[in-house]
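A.B. asks: Taken in order, these protein sequences are the chains called A and H.
Each step along the first sequence adds one to the number in our numbering, with nothing skipped, and position 223 is 293.
Each step along the second sequence adds one to the number in our numbering, with nothing skipped, and position 39 is 109.
Here a beta-carbon is modelled for each residue, glycine too, at the ideal position from N, C-alpha and C.
Number of protein chains: 2
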Amino acid sequence: MKPIKKLVLLGTGLISGSFALALKRARLVEQVVGVGRSPENLQRALELRVIDAASQDAASAVIDADFVFIGTPVGQMGALMQAIAPNLAPDCIVSDGGSTKQDVCALFRQHLAGHLAYCVPAHPIAGSELSGASAATYGLYEGRRVVLAPFAETDPAVVARVNALWQACGALVHEMPAAEHDGIFAAVSHVPHLLAYAYMNAVLDKPNAALCLEFAATGFRDFTRIAGSHPEMWRDIALANREAVLTDLQRCATRIAEVTALVEAADADALYRFFERASDARSVWGKPSSGY
Amino acid sequence: MKPIKKLVLLGTGLISGSFALALKRARLVEQVVGVGRSPENLQRALELRVIDAASQDAASAVIDADFVFIGTPVGQMGALMQAIAPNLAPDCIVSDGGSTKQDVCALFRQHLAGHLAYCVPAHPIAGSELSGASAATYGLYEGRRVVLAPFAETDPAVVARVNALWQACGALVHEMPAAEHDGIFAAVSHVPHLLAYAYMNAVLDKPNAALCLEFAATGFRDFTRIAGSHPEMWRDIALANREAVLTDLQRCATRIAEVTALVEAADADALYRFFERASDARSVWGKPSSGY
């Protein structure tokens, strides 16, 4: 495989930095330029050899690049796309690491409409409690999943190249439409966060909330762990993936109403079947033979 | 403190057996008689010296007992109370280890109406994946909480004695009305289980459920862990604590409807505050300085 000559990271952090390191280890990149707002973070990235050069100006940094990876929060992506659009080489690949895809695709369409043949929206599913360039590691993507959500307009050869680069980083690559991606993550990640936040608020509503929390044990601990997540980040994700989140919240509300009605009616048999279906599925989840 | 002369365990398992072992270690019991339906389990309890004598007949076993501890599932308690009532010494203390209290209190009132001065419904909050007499340990209650839910009719000296015995087992003892106990456990244990089961069923309802589960990660893993719990046990708990469970399910449904409306309205500020309240409370929970 042909190496990338000049990879530009817009946002130099855990996700983009680990992509750069993995490509360096695979000898699939010659030069990495890091762009970011924090001079200290860029300096650290240089020292750790995550990047070979640093810049605070996205528009000039992308000149001559053959791969641009946008690794910022989604809220910053539109302005960056707008800034780099005039300076992109005609065959420069542009990808990103945002955790929602329909909204990012809309930004690509808005700001890089003439360049879509080379655009491959992506979601590397990896993370850490840590962030910033100093948290980047060579092995972050080993065995982790990466979703590619290319446009109908994206050149199949470009998709294949991005796919091969991620595989070279050790990732398991899946291609699917942005809407399918967002529906999956609404169901298995975004909605559980909203439910955990809502549940925690409901406990706090109780007149004896402090006493309740004193008796809360391991079931509570695990069920509410994600209710401790960063409010700003999850506000942005909930709004970015609004439609899919609302669809799956509705699905949950229906099932919660059902279990409420079964308890109300004291329908022991139906309640048993309701619990058993969930328990059976949860018990096999994650086991190698389960097919999940 | 005066030791128990003859302690009878109705149901010889993890909870009752560990109570007996802790009392033996504290030299606060002279003889322990285990009653149970499984001869193998009783034999094992004798070998492990959890009990000193075994019986399969509750009614005759309680003759001359000064403390009877009912450690069976709640569903078996009524028949046992009825069987032992004629043979109880007038000052024999009767307690239990059921995880719901209003329904157990109702059984005490039904079957031991003339004996309530000596009855102390209790809930030792300890458990293990293991069960049976062979899982009993001396230290199960070290630092664990035990709730006592005595009747208005219970002799305060009897409550004080049961309290002191549990403290001698290493437990932190709380006294509260049965309704308050059930409200607390509905909120922090029973309702999370129902929500986790309902959520899991909602995911399974999706046409691409198998694909979704393939992408589910650590947030999903922890949020749904309790959805793998035993369907029969949780059906019984949900129905035993029906009123408190319905009250708190309603509380959660209200908060879920609220977060749904905020996402629908794309009300970023209110969504942030909603998440922040939950996140702040969850982040301090369990820390020594939190007051919880």
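1. Taking a Cβ distance cut-off of 9 Å, strictly less, list which residues of the stretch 269-285 of chain H are near chain A, in chain order.
2. Among Val132(A), Ala115(A), Leu116(A) and Cys175(A), which residue has its Cα nearest to the Cα of Val144(A)?
3. Going by the beta-carbon positions, is the gap between Gln152(A) and His181(A) smaller than 8 Å?
4. I need the boundaries of the alpha helix (DSSP H) containing Glu245(A), first residue and last residue.
5. Evaluate His300(H) with the Cβ neighbour count: other Cβ atoms within 10 Å of its Cβ, from every protein chain shown; 16 or more gives buried, anything less gives exposed.
6. Thinking just about the alpha-carbon of each residue, which of Ala327(A), Val273(A), His260(A) and Arg95(A) is nearest to the one in Ala256(H)?
7. For the alpha helix (DSSP H) containing Phe255(H), name the first residue and the last one.
8. What is the residue span of the beta strand (DSSP E) that Asp416(H) lies within?
9. Any chance you could list the beta strand (DSSP E) runs of at least 3 consecutive residues sitting entirely within the stretch 194-230 of chain A, in chain order?
10. According to DSSP, is Leu112(H) helix, strand or coil?
11. Is there at least one Cβ from chain H nearer than 8 Å to Ile133(A)'s Cβ?
12. Can you tell which of Pro262(A), Met270(A), Ala230(A) and Phe290(A) has its C-alpha closest to the C-alpha of Ser446(A)?
13. Could you check if Leu150(A) is buried or exposed, using at least 16 other CB atoms within 10 Å of its CB as the buried criterion?
14. Give a yes or no on whether 8 Å exceeds the smallest Cβ distance from Phe178(H) to chain A.
15. Does any C-beta atom of chain H lie closer than 8 Å to the C-beta of Pro247(A)?
16. When you compare only the Cα positions, how much space is there between Gly167(H) and Phe178(H)?
17. Restricting to Cα atoms, I'd like to know which of Trp304(A), Leu84(A) and Met246(A) is closest to Leu200(A).
18. Consult DSSP for Leu274(A) and reduce its assignment to one of helix, strand or coil.
19. From Tyr362(A) to Ile296(H), what distance separates their C-alpha atoms?
20. Kindly say whether Thr294(H), judged by its beta-carbon, lies nearer than 8 Å to any beta-carbon of chain A.
21. How far does the beta strand (DSSP E) with Gly83(H) in it reach, from first residue to last?
22. The beta strand (DSSP E) with Ala159(H) in it runs from where to where?
23. Under 8 Å by Cβ, that's how I've got Leu93(H) and Met71(H) pegged, so tell me the actual separation to the nearest angstrom.
24. Can you tell me whether Thr294(A) is buried or exposed, with buried defined as 16 or more other CB within 10 angstroms of its CB?
25. Considering only DSSP beta bridges, list what Gly298(A) is partnered with.
26. Alpha carbon to alpha carbon, how far is Pro160(H) from Leu218(H)?
27. Can a CB atom of chain H be found closer than 8 Å to the CB of Glu334(A)?
28. Straight-line CA distance for Ala123(H) to Arg114(H)?
29. Rounding to the nearest angstrom, what Cα-Cα distance links Val354(H) and Met270(A) in this structure?
30. Is any beta-carbon of chain H found at less than 8 Å from that of Pro262(A)?
31. Am I right that Phe290(H) and Ser259(A) are in contact with their C-beta atoms under 8 Å? What's the rounded C-beta distance?
32. Along chain H, in chain order, which residues have C-beta atoms closer than 7 Å to that of Ser353(A)?
C.D. replies: Per the coordinate set shown:
1. Tyr269, Met270, Asn271, Ala272, Val273, Leu274, Asp275, Lys276, Asn278, Ala279, Ala280, Leu281, Cys282, Leu283, Glu284 and Phe285
2. Position 74 of the first sequence, counted from the first residue, corresponds to residue 144(A). Closest by alpha carbon: Cys175(A).
3. Locating residue 152(A) in the first sequence gives position 82, counting from the first residue. Locating residue 181(A) in the first sequence gives position 111, counting from the first residue. A contact, by the Cβ cut-off of 8 Å.
4. Residue 245(A) sits at position 175 when you count from the first residue of the first sequence. Note, Glu245(A): premise wrong, no alpha helix (DSSP H); beta strand (DSSP E) at Leu242 to Glu245.
5. Here residue 300(H) corresponds to residue number 230 of the second sequence, with the count starting at 1. Result: exposed.
6. Against the second sequence, residue 256(H) aligns to sequence position 186. Comparing Cα-Cα distances from Ala256(H) to each of Ala327(A), Val273(A), His260(A) and Arg95(A), the minimum goes to Val273(A).
7. Residue numbering aside, residue 255(H) sits at position 185 when the second sequence is read from its first letter. Where Phe255(H) is concerned, the enclosing alpha helix (DSSP H) stretches over Ala248 to Phe255.
8. For residue 416(H) there is no data in the structure shown, the boundaries of chain H being 71 and 362.
9. 215-218
10. Indexing the second sequence from 1 puts residue 112(H) at position 42. Three-state result, Leu112(H): helix.
11. In the first sequence, counting from the first residue as 1, residue 133(A) sits at position 63. No, Ile133(A) does not count as interfacial toward chain H.
12. In this structure chain A extends from 71 to 362, so residue 446(A) is not present and cannot be described.
13. Counting from one through the first sequence, the residue named residue 150(A) turns up at place 80. By the 10 Å Cβ count, Leu150(A) comes out buried.
14. Here residue 178(H) refers to the residue found at position 108 when the second sequence is read from its first residue. Taking Cβ atoms only, chain A never reaches closer than 8 Å to Phe178(H), which makes this a no.
15. Stepping through the first sequence from its first residue, residue 247(A) is reached at position 177. No, Pro247(A) does not count as interfacial toward chain H.
16. The residue labelled residue 167(H) in the question sits at position 97 within the second sequence. The residue labelled residue 178(H) in the question sits at position 108 within the second sequence. Cα-Cα distance, rounded: 13 Å.
17. Position 130 of the first sequence, counted from the first residue, corresponds to residue 200(A). Per the Cα distances, Leu84(A).
18. To locate residue 274(A), count along the first sequence from 1; it is residue 204. Note: Leu274(A) maps to helix in three-state DSSP.
19. As a position in the first sequence, residue 362(A) is number 292, starting the count at 1. As a position in the second sequence, residue 296(H) is number 226, starting the count at 1. Residue placement at Tyr362(A) is flagged as unreliable, the pLDDT there being 48, under the threshold of 50; the coordinate-derived value follows with that caveat. For Tyr362(A) and Ile296(H), the distance between alpha carbons rounds to 19 Å.
20. As a working mapping, residue 294(H) is identified with position 224 in the second sequence. With 8 Å as the cut-off, Thr294(H) counts as an interface residue toward chain A.
21. Along the second sequence, read from residue 1 onward, the residue named residue 83(H) stands at position 13. That residue, Gly83(H), is in no beta strand (DSSP E); it is neither H nor E in DSSP.
22. In the second sequence, counting from the first residue as 1, residue 159(H) sits at position 89. Where Ala159(H) is concerned, there is no enclosing beta strand (DSSP E), given that its DSSP letter is neither H nor E.
23. Here residue 93(H) corresponds to residue number 23 of the second sequence, with the count starting at 1. Here residue 71(H) corresponds to residue number 1 of the second sequence, with the count starting at 1. Actually they do not touch by this definition, with Cβ atoms about 11 Å apart.
24. If you number the first sequence from 1, residue 294(A) lands on position 224. Thr294(A) is buried by the Cβ-count criterion.
25. Position 228 of the first sequence, counted from the first residue, corresponds to residue 298(A). In the DSSP output, where bridge partners are listed per residue, Gly298(A) has none listed.
26. Within the second sequence, numbered from 1, the residue matching residue 160(H) stands at position 90. Within the second sequence, numbered from 1, the residue matching residue 218(H) stands at position 148. Between Pro160(H) and Leu218(H), the C-alpha separation is close to 21 Å.
27. Numbered from its first residue, the first sequence carries residue 334(A) at position 264. Yes, because at least one Cβ of chain H sits closer than 8 Å to the Cβ of Glu334(A).
28. Locating residue 123(H) in the second sequence gives position 53, counting from the first residue. Locating residue 114(H) in the second sequence gives position 44, counting from the first residue. Each residue's alpha carbon lies about 11 Å from the other.
29. Looking up residue 354(H) in the second sequence gives position 284. Looking up residue 270(A) in the first sequence gives position 200. About 13 Å.
30. As a first step, residue 262(A) is located in the first sequence; it is residue number 192 there, counting from the start. Yes, Pro262(A) counts as interfacial toward chain H.
31. Within the second sequence, residue 290(H) is the residue found at index 220, counting from 1. Within the first sequence, residue 259(A) is the residue found at index 189, counting from 1. So it is a contact: roughly 7 Å between Cβ atoms.
32. In the first sequence, residue 353(A) corresponds to position 283, counting from 1. Those within 7 Å of Ser353(A) in chain H are Gly298.
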